[in-house]
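Contents: one structure, followed by commentary.
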Amino acid sequence: EAVVSTQSTGETRAVLASLKERSVMVHERLNSIPGITCNPLQGAMYAFPRIDLPAGAVEKAAEAGMEPDFMYCSELLEATGICVVPGSGFWQMPGTYHFRMTILPPKEQLEVFLDKLAVFHRQFTEKYSPQNGS
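Each residue of the sequence shown is one higher than the last, beginning at 125 in my numbering.
Structure follows, in structure tokens:
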């Protein structure tokens, strides 16, 4: 049986345009945060940004017996209530760290998320930088 769409062509275009707008915004905003880089999102509902972690964070994670990006995501959740998925579960290249996030929330919620992420990433980096004794 054929699946029949209940949306009109105009509604479909609006949804796709909204996803495109969010993907561009998320890509640009992630790349504006020092220590975070992200490739353009191409046809996906997820971003997979790379995060630069200070050596102190990598060492602390090793001492705790966890992957550094898992520690980062756990601390992000504790500090902000934001849940992302550690990249270590997605076969990332050794020595690199990532997380996966969705772009499906409304634009306004994504903007709040990205604002909180920028503050958190700066604080996390400062906390585990060598000049802070980590």
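Heads up, the beta-carbon is just placed ideally off N, CA and C, and yes, glycines get one too.
Per DSSP, reduced to three states, the secondary structure at Phe237 is helical.
Setting aside the 5 residues that flank it on each side, Thr220 is surrounded in the same chain by Arg174, each with a C-beta closer than 7 Å to its C-beta; the list follows chain order. For Leu238, the CB contacts under 6 Å within the same chain, skipping 5 residues up- and downstream, are Arg153 in chain order.
At the C-beta level, Cys197 and Val209 come within 8 Å of one another. Burial check for Ser142: the Cβ neighbour count within 10 Å stays below 16, so the residue is exposed. Closest by C-alpha distance to Ala168, out of Asn155, Ile157, Ser156, His151, is His151.
Between Pro218 and the set Asp193, Phe244, Thr133, Arg146, the nearest pair of CA atoms involves Asp193. Phe223 is bridged by DSSP to Pro210.
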